[in-house]
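Encoded as structure tokens, the structure appears first; notes follow it.
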Amino acid sequence: MAVVKRKIYLDYSATTPVDLRVVEAMTPYWSEVFGNTSSVHAWGQEAATALERARGIVAQVLGCQPGEIVFTGSGSEADNLALRGAAWMARQAGRGNHIVTTPVEHHAVGHTVEQLRDLFGFEVTFLPVDGYGQVDPDDVRRAIRPDTVLVSVMMANNEVGTVNPMVRIGRVCREREVLFHTDAVQAAGRLPLELDDMHVDLLALSAHKFYGPKGVGLLYVRRGVGLAPAITGGGHERGMRPGTVDVAGAVGLATALELAEQERREETARLRRLRDRFISGVLDAVPNSRLTGHPRQRLCHHASFAFRDVEGAWVVINLDLAGIAASSGAACSEGDPEPSFVLEAMGFSPDWGIGAVRFSLGRSTTEDDVDAVLGVLPGIIEQLCAQS
Ligand SMILES: Cc1ncc(COP(=O)(O)O)c(C=O)c1O
Numbered sequence: 038m039a040v041v042k043r044k045i046y047l048d049y050s051a052t053t054p055v056d057l058r059v060v061e062a063m064t065p066y067w068s069e070v071f072g073n074t075s076s077v078h079a080w081g082q083e084a085a086t087a088l089e090r091a092r093g094i095v096a097q098v099l100g101c102q103p104g105e106i107v108f109t110g111s112g113s114e115a116d117n118l119a120l121r122g123a124a125w126m127a128r129q130a131g132r133g134n135h136i137v138t139t140p141v142e143h144h145a146v147g148h149t150v151e152q153l154r155d156l157f158g159f160e161v162t163f164l165p166v167d168g169y170g171q172v173d174p175d176d177v178r179r180a181i182r183p184d185t186v187l188v189s190v191m192m193a194n195n196e197v198g199t200v201n202p203m204v205r206i207g208r209v210c211r212e213r214e215v216l217f218h219t220d221a222v223q224a225a226g227r228l229p230l231e232l233d234d235m236h237v238d239l240l241a242l243s244a245h246k247f248y249g250p251k252g253v254g255l256l257y258v259r260r261g262v263g264l265a266p267a268i269t270g271g272g273h274e275r276g277m278r279p280g281t282v283d284v285a286g287a288v289g290l291a292t293a294l295e296l297a298e299q300e301r302r303e304e305t306a307r308l309r310r311l312r313d314r315f316i317s318g319v320l321d322a323v324p325n326s327r328l329t330g331h332p333r334q335r336l337c338h339h340a341s342f343a344f345r346d347v348e349g350a351w352v353v354i355n356l357d358l359a360g361i362a363a364s365s366g367a368a369c370s371e372g373d374p375e376p377s378f379v380l381e382a383m384g385f386s387p388d389w390g391i392g393a394v395r396f397s398l399g400r401s402t403t404e405d406d407v408d409a410v411l412g413v414l415p416g417i418i419e420q421l422c423a424q425s
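Heads up: the sequence shown runs through residues 38 to 425, numbered per the working numbering.
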């Protein structure tokens, strides 16, 4: 089997390495400035000052108020807080019982909504998506009822890279006075996060997707939006996310977000060129391949395919043996031989749905890397087809 000369990581949608500038910014907050931000003494206040500085940087990048940022322990936790917090609050206020979302959300949203339905009696409408996994804002308009308390639509899909028409969906929610949450975990550093243009009320991010540390995320909570805490405890993060705050993590997230935003235009243009070269290379060289997700309204670094009658997991294993990291569908469902639920919702038949493979490019990716993968992938698919 062909092996690439240097190992090639094409799984930047699963996670990214921490930028060394971020590591440097974080380092003082483990052993030097280590106080608990809730403590009244100098140690605590020094940590609290650093935390508020990080919050200020995030707010500046996102164009919101520092008081609208809640640091969390991950992107998943931010999504959980948004959905459960908004749903429980609405129920307590007697505002309604109905949630609108999509069938292609990350499990951090999908499973939370299912739990709200199955354990807490909320009604859920799953919007249709088209063959690219995109939501039609008119379907959002049609799905909203007088008792709808929340709409949750992801900004960009992790598995197929499709970007949703956020401005139009947000406008519908605003007109109908329904809270709008978006999981923007895959979007940060790759798309502009225009909170006001998108009319979002709640937006979740995760630092490890944009060269920040793992285990830290945030939820933007528009001023005036009340959330019941999904975790109960102390009064940290204005009572919305109890638990001693990870100051180093917050500093890391803020630094990574600032850097990602500063470098976004140049880096996204570079990645888009590499992505397009890779996509056309694969479609030209592999007869039983299809691009999944939108051909243009897709993340700049994202190239995902379905290979007919080939198991995506085997493609990933063979790529790994050749020195290349990719993933089959969503990284979190790795090892699951079922067809991708995202491709299923997009109308792919199971013979295509089992063959979902995602390549996601990032800062280390070069043209030589793309060409090296193109030199190996067609042979892997051909071999797996011959075995099937
Ligand atoms: C779209 C999306 N939402 C949420 C998450 C969860 O983020 P975290 O890993 O920080 O919990 C991910 C991670 O893969 C994701 O891609």
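For glycine and all other residues, C-beta sits at the position ideal for the given N, C-alpha and C.
From a predicted model like this one, the values you see are computed outputs, not experimental measurements.
For E404, same chain residues with a beta-carbon under 8 Å away, outside a window of 5 residues either side, are L311, R314 in chain order. The DSSP-derived three-state label of A322 is helix. At the C-beta level, L356 and I417 come within 8 Å of one another.
Taken in chain order, the unbroken stretches of alpha helix (DSSP H) that lie wholly in the segment 52-85 and span 4 residues or more are 57-63, 65-68.
Per DSSP, reduced to three states, the secondary structure at A362 is strand.
For T219, the enclosing beta strand (DSSP E) stretches over residues 216-220. DSSP links T185 through a beta bridge to H135.
Nearest neighbour of P174 by Cα position, chosen from L153, V197, H148, T139, turns out to be T139. Under the three-state reduction of DSSP, L294 is assigned to helix. Under the three-state reduction of DSSP output, G254 falls in the strand class. The nearest non-hydrogen atom of ligand 1 is 7 Å or more from the C-beta of Q152.
Of the candidates A363, S326, V288, the residue whose Cα lies closest to the Cα of V347 is S326. In this structure, H273 has its beta carbon at no less than 7 Å from each heavy atom of ligand 1. For S326, the distance from the CB to the nearest heavy atom of ligand 1 is not below 7 Å. In this structure, Q223 has its beta carbon less than 7 Å from a heavy atom of ligand 1.
Leaving aside the five residues that flank G168 on each side, the residues in its chain whose CB is nearer than 8 Å to its CB run, in chain order, M383, G384. Rounded to the nearest angstrom, the gap between the Cα atoms of I354 and V222 is 26 Å.
In the structure shown, I106 falls within a strand segment according to DSSP collapsed to helix, strand and coil.
Within the segment 158-210, complete alpha helix (DSSP H) segments of at least 4 residues are found at 174-180, given in chain order. Set against 7 Å, the gap from the CB of S113 to the closest heavy atom of ligand 1 is smaller.
Counting only residues of its own chain and dropping the five nearest sequence neighbours on each side, V284 has a CB closer than 6 Å to the CB of Y66, A84, A87, L88. For L230, the three-state secondary structure derived from DSSP is coil. With a 10 Å radius around the Cβ and a threshold of 16 neighbouring Cβ atoms, L230 comes out buried. In the DSSP assignment, F378 falls within the alpha helix (DSSP H) that extends over 378-382. Secondary structure at F315: helix, using DSSP grouped into helix, strand and coil. Between ligand 1 and the CB of M191, the shortest heavy atom gap is smaller than 7 Å.
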